[in-house]
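Below: the structure, in structure tokens.
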Amino acid sequence: MLKSAERTNDKLFPIFLKNLSSDNLAEFTTAAEKLSGWLSKDRAYYTKARPMIISLMETALDNVRRHSGSGALFHVSTCTDELKPWAEPYLKIVRTVVPFWLLFPERSLQLRLRKLFQTLCENVDEFLSQQTLVPPPTNPTSTP
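When we follow the numbering used here, the leftmost residue of the sequence shown carries the number 228, and every step to the right adds one.
Shown next as structure tokens:
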């Protein structure tokens, strides 16, 4: 990843965080759509971005939980019609990231990501075994 692109992303991450925590559904949805688009390319998963990607996903999940009114753990199977406008953009982000699971070699990030994947499924290992995953780069020191 070019350093100039990384600097641009560094400026955009706080905007995404703000909008993914917003109580304005349009802001939340727009941010989730844009983030999903960016996350659909393997070059998004460079070393410095990976922790921020998970933080953005966690922020979106926290917002969905807040709008659920219960504060309980969120799972797609328990999503109400009232919560769908908030849940669907979040779920799109998660579904976009799933194929890139192998691009998160850091154990601490994998654990956080597994918790996010649990909003889609009960058994993460079984779920991941059924997915088409993008292989990690052959040179682990290179950036996507």
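Glycine included, each C-beta is placed from N, C-alpha and C at the ideal position.
It should be emphasised that the depicted structure is a prediction, and the values quoted were computed from it without experimental measurement.
Apply the 10 Å Cβ neighbour rule to residue i and answer buried if 16 or more other Cβ atoms are within range, or exposed otherwise.
i              : result
leucine 252    : exposed
arginine 293   : exposed
threonine 305  : exposed
leucine 360    : exposed
isoleucine 242 : exposed
leucine 229    : exposed
By the DSSP assignment, the alpha helix (DSSP H) with residue i in it spans what residues?
i              : result
glutamine 337  : 334-344
proline 316    : 311-324
lysine 268     : Element bounds for lysine 268: n/a, residue is neither H nor E.
aspartate 250  : Here aspartate 250 belongs to no alpha helix (DSSP H), and DSSP marks it neither H nor E.
asparagine 290 : 276-295
valine 351     : 351-356
By Cβ distance, which residues of its chain are closer than 6 angstroms to residue i, with the 5 residues on each side in sequence left out?
i                 : result
glutamine 337     : Phe331
valine 325        : Gln358
serine 248        : Thr286, Asn290
phenylalanine 301 : Val291, Arg292, Thr346
arginine 339      : Ile281
threonine 323     : Ser263, Leu266, Ser267
threonine 256     : Pro316
Beta-carbon within less than 8 angstroms of residue i's beta-carbon, same chain only, minus the 5 sequence neighbours each way: which residues are those?
i            : result
arginine 277 : Leu330, Phe331, Glu333, Leu336
leucine 318  : Val303, Thr346, Leu347
Are the stretch 303-319 and the stretch 265-273 in contact at 8 angstroms, needing three or more beta carbon pairs? no
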